[in-house]
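Report on the structure given below.
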Amino acid sequence: MIMGGLAAAIYIWLMHKNITIRMPDSVPPAISAAFTGIIPATVALYVSGLITWLVTKFGATTVIELISKTIQEPLLNLSQGYGAEFLMTVLVQVFWFFGLHGTNVLGPLLDGIWLTTQVANINAFAQHKDLPYMWTRNAFDLYAWIGGACSYLSQS
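Numbering (this note's numbering), first residue to last: -17 to 138.
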């Protein structure tokens, strides 16, 4: 996702700077539009490829592993306290207050953290080891999102 965002930013920047193939006025607009994006797309592709090659060649790792080590692991460690659970619950409710579906808005962030912890717990359980994480997506759903059908069924 980070590399995709970088490639899109490069493409947009080059398009705004008009670093494109310009066709004469006699060329139909549909054909001219097709050629306009060739240079920005090629540059974005090569820059992304160059970054991947440099990280792989000199970092002795892949871009995905580098992002996992520098971004995901600290977030996983931060996500295991009660404060993080409280903060996520409050943020979701703030989105709901403003009319946005808070769980859907924060879903990609929450799933990127808690589904990873859930998979790690499943793997540890399968190997008969202690579970490394307390909070996973299912634990959060069971203890923080008590509502909807669950609340109704418990009162029946």
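Heads up, the beta-carbon is just placed ideally off N, CA and C, and yes, glycines get one too. Everything numeric in this text was worked out from a predicted model, so none of it was measured.
Close-in-space but distant-in-sequence residues of the same chain around residue i (CB under 7 angstroms, 5 per side omitted)
i, result
"V74", "G84, T85 and L88"
"G41", "L48"
"A102", "P114 and Y115"
"P6", "none"
"N105", "none"
"T34", "V45"
Collapsed DSSP secondary structure at residue i in the structure displayed
i, result
"Q75", "helix"
"P56", "helix"
"H(-2)", "helix"
"W35", "helix"
"V139", "Any property of residue 139 remains undetermined from this structure, which presents the chain solely from -17 to 138."
Between the CA atoms of residue j and residue i - distance to the nearest angstrom
i, j, result
"A26", "A16", "16 angstroms"
"W78", "L36", "43 angstroms"
"Q62", "T44", "27 angstroms"
"L51", "L(-4)", "Per the sequence shown, the amino acid found at residue 51 is Lys instead of Leu. Rounded to whole angstroms, K51 to L(-4) spans 31 angstroms at the Cα level."
"L32", "A(-11)", "12 angstroms"
"M(-15)", "T18", "22 angstroms"
"L124", "A108", "22 angstroms"
"I3", "F80", "44 angstroms"
Proximal residues to residue i (C-beta, below 8 angstroms), its chain only, five neighbours per side dropped
i, result
"A23", "Y(-7)"
"L60", "A66"
Given residue i as reference, the closest of the options once Cα atoms are compared
i, options, result
"M(-17)", "I20, L124, A106 and G94", "G94"
"N0", "G65, T38, I21 and A(-9)", "I21"
"W127", "L58, E55, F68 and S8", "F68"
"Y64", "L92, F122 and T34", "F122"
"T71", "L92, P56 and L57", "L92"
"R119", "Y28, V29 and T99", "T99"
Cβ-based neighbour list, residue i, same chain, cut-off 6 angstroms, excluding 5 preceding and 5 following
i, result
"S14", "M5"
"L57", "I95"
| task | Any chance you could list the alpha helix (DSSP H) runs of at least 4 consecutive residues sitting entirely within the stretch 66 to 114, in chain order? | result | Listed in chain order, they are 84 to 108.
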